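Undergrad: Residue numbers (the numbering used here): 37 to 358.
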Amino acid sequence: MIKKTFCAAALISSLIATSAFAAKWHMPTPYGDANLPTKIAHAFAKEINEGTAGDLDITVHSGASLIKHPEIPRAVKTGQVQMGEIFLGIMGNTHPVFKHDNIPFLASTYEDAEKLWAAAKPEVSKQLAKEGMKLLYVVAWPAQSLYTKAPVNTLADLKGLKMRAYSPSTSRVAVLMGTTPTTVQVPEIPQAFSTGIVEAMITSPSTGVNGQAWDYITDYTDVKAWIPKNVVVVNAKAFKRLDEKSQKVIMTAAANAEKKGWEGVRAQAKKDTQTLLDNGIKVVQPSAELLQELSAIGKVMVKEWQEESGAEIDTILTNYSK
Ligand code: PCA
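Shown next as structure tokens:
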């Protein structure tokens, strides 16, 4: 009897402890569970759940299941959710600093992409803070290459095609390529191709594999034009309200996540390119002329970008060239 009372009391006090201190946070992400950034997001949340002994319990809602991708920045900003993952480029219309991410040949190796991120990070972080968000980490996608229904030697081969876009900058790339941009989110890619809404796209081998690109395209020209990133952010007020120990757990988990991303992306790129090949897609290296044409577009875009917001962009470019 005494024992039973004790157990009940222990149970009640543990319930009180849970309800008084455990915070339940929600973290919407745009892409499905098969993607590297989403796997990293799950591991990140787990590390925090364990590191705070359950005081901070983060649920990852992948594949835009809780909030549609374009709505995620606002959801975090307004505190509707506490954390979120966003493709950096989609914020290009909010502020030009986010556009560093989708410019052809500004950074097309993983080493340069890391350098570009180091150069852009202070400005991106500042801008996010103005929007009430704290930067936690980024995860890079494999380099972006060209998917088409016929071989491509030069841009002339693409003229007039309907090109998928996924950010303001990629719409601009499409226009400068002589194609017509249409914004299509990842889950809608297969249907957009089968209904003729788009006829070509530039994205990672991962997104191609994810959407079984072999069902609707034949050629993959490995231009590796840019290496974009997802960013994970936390609502600044929600972060401030946490005790110091929990804040530290989050920042350590964020640093681990970012490291995992840079380490994992190269192998992921190789593996997914092989899967494209295995499924019958013709994977070819780009012609020198095509590369030249695309890098000329990159130069135009850097110039336009500088004109948009001189001071911040010059800081990024100066940091990057060091
Ligand atoms: N996949 C995402 C973003 C970049 C990538 O490789 C997409 O295609 O929308």
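C-beta atoms are modelled at their ideal positions from N, C-alpha and C, and glycine is treated no differently.
Treat the numbers as computed from the prediction; the structure is a model and nothing was measured.
By Cβ distance, which residues of its chain are closer than 6 angstroms to Lys60, with the 5 residues on each side in sequence left out?
TA: Excluding residues within five positions, the ones whose Cβ falls inside 6 angstroms are Asp93.
Undergrad: Tell me the start and end of each unbroken alpha helix (DSSP H) in the region 74-116 that is at least 4 residues and wholly inside, in chain order.
TA: Segments of the alpha helix (DSSP H) lying fully in the region 74-116: 108-113.
Undergrad: Can you tell me whether DSSP reads Gly120 as helix, strand or coil?
TA: Strand, per DSSP.
Undergrad: Just to check, is the beta-carbon of Trp298 closer than 6 angstroms to a non-hydrogen atom of the ligand PCA?
TA: No, the Cβ of Trp298 stays beyond 6 angstroms of every heavy atom of the ligand PCA.
Undergrad: Does DSSP put Thr184 in a helix, a strand or coil?
TA: Here Thr184 sits in strand by DSSP.
Undergrad: Relative to the ligand PCA, is the shortest distance from any of its heavy atoms to the C-beta of Val269 smaller than 6 angstroms?
TA: Because no heavy atom of the ligand PCA lies under 6 angstroms away, the Cβ of Val269 does not count as near it: no.
Undergrad: Closer than 8 angstroms is the cut-off here; do at least three beta carbon pairs connect the region 311-325 with the region 99-113?
TA: These segments do not touch.
Undergrad: Whole angstroms is fine: what's the gap from Leu51's alpha carbon to Pro132's?
TA: Because the pLDDT of Leu51 is 44, which lies under 50, any placement of that residue in the model is unreliable, and the question is left without a value.
Undergrad: Please work out which residues of its chain come closer than 7 angstroms, Cβ to Cβ, to Ser230, disregarding the five sequence neighbours upstream and downstream, and give them in chain order.
TA: Excluding sequence neighbours, Ser230 sits near Tyr252.
Undergrad: Return the CA-CA distance between Ala45 and Ala290, expressed in angstroms with no decimal places.
TA: Because the pLDDT at Ala45 is just 48, under 50, the model does not fix this residue reliably, and the point stays unresolved.
Undergrad: By the DSSP assignment, the beta strand (DSSP E) with Lys358 in it spans what residues?
TA: Note, Lys358: premise wrong, no beta strand (DSSP E); not H, not E.
Undergrad: Just how far apart, CA to CA, sit Met213 and Ile349?
TA: Rounded to whole angstroms, Met213 to Ile349 spans 24 angstroms at the Cα level.
Undergrad: Can you list, in chain order, the residues of its chain with a C-beta nearer than 7 angstroms to that of Ser55? Leave out the 5 residues immediately preceding and following it.
TA: Below a pLDDT of 50, predicted positions are generally treated as unreliable, and Ser55, at 44, falls in that range; no measurement from the model is reported.
Undergrad: Output the boundary residues of the alpha helix (DSSP H) element that contains Lys339.
TA: Lys339 -> alpha helix (DSSP H) spans 324-344.
Undergrad: For Ser357, which residues of its own chain have a beta-carbon under 8 angstroms away from its beta-carbon, when the five flanking residues on both sides are left out?
TA: So the list is empty, once near-sequence residues are dropped.
Undergrad: With contact counted as at least three CB pairs below 8 angstroms, one residue from each stretch, are the region 247-263 and the region 192-201 in contact?
TA: Output reads no: the region 192-201 does not touch the region 247-263.
Undergrad: Is Trp153 near the ligand PCA, in the sense that its beta carbon is under 6 angstroms from a heavy atom of that ligand?
TA: No, the ligand PCA has no heavy atom inside 6 angstroms of this Cβ.
Undergrad: Which first and last residues belong to the beta strand (DSSP E) in which Asn266 is found?
TA: Asn266 -> beta strand (DSSP E) spans 265-271.
Undergrad: Does the beta-carbon of Thr65, which I'm using as the reference point, lie nearer than 6 angstroms to any heavy atom of the ligand PCA?
TA: No - the ligand PCA has no heavy atom lying nearer than 6 angstroms to the Cβ of Thr65.
Undergrad: Could you check whether the Cβ of Val222 sits closer than 6 angstroms to any heavy atom belonging to the ligand PCA?
TA: Val222 Cβ: within cutoff of the ligand PCA.
Undergrad: Would you mind stating whether Gly125 and Pro264 have Cβ atoms separated by less than 7 angstroms?
TA: Contact flag set, yes.
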